[in-house]
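Trainee: Take this structure first; my questions come after.
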Amino acid sequence: MFFQRFHELDKRCRDFENANNELKQLNIQLEKDSLSVGGVTELFRRGPEGQTSDSNSN
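Quick note: the sequence shown uses our numbering, first residue 35, plus one each step.
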């Protein structure tokens, strides 16, 4: 009985570790995607001469 319970808990622990690792990978991917989106946003924010759109409106 004890060993059966131990194996159940051990499996749950491994499942949590696997889920945690997946979340870490998703978080890393999300950070990469955010940086990519930030870079694209910066490109659109700048004018053709590399100036910000705010300075082009003067």
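Ideal Cβ positions, reconstructed from N, Cα and C, are used throughout, including at glycine.
Since we're looking at a predicted model, the values are computed, not measured.
Which first and last residues belong to the alpha helix (DSSP H) in which Arg80 is found?
Mentor: Position 46 of the sequence shown, counting from 1, holds the residue named residue 80. It is not in any alpha helix (DSSP H) - Arg80 carries neither H nor E in the DSSP assignment.
Trainee: Quick check: the Cα distance between His41 and Glu65, rounded to an integer number of angstroms?
Mentor: On the sequence shown, position 7 is the one that residue 41 refers to. On the sequence shown, position 31 is the one that residue 65 refers to. The straight-line gap from Cα to Cα measures roughly 36 Å.
Trainee: Rounded to the nearest angstrom, what separates Phe50 and Glu76 at their Cα positions?
Mentor: Walking along the sequence shown from the start, residue 50 turns up at place 16. Walking along the sequence shown from the start, residue 76 turns up at place 42. Approximately 38 Å, taken between the alpha carbons.
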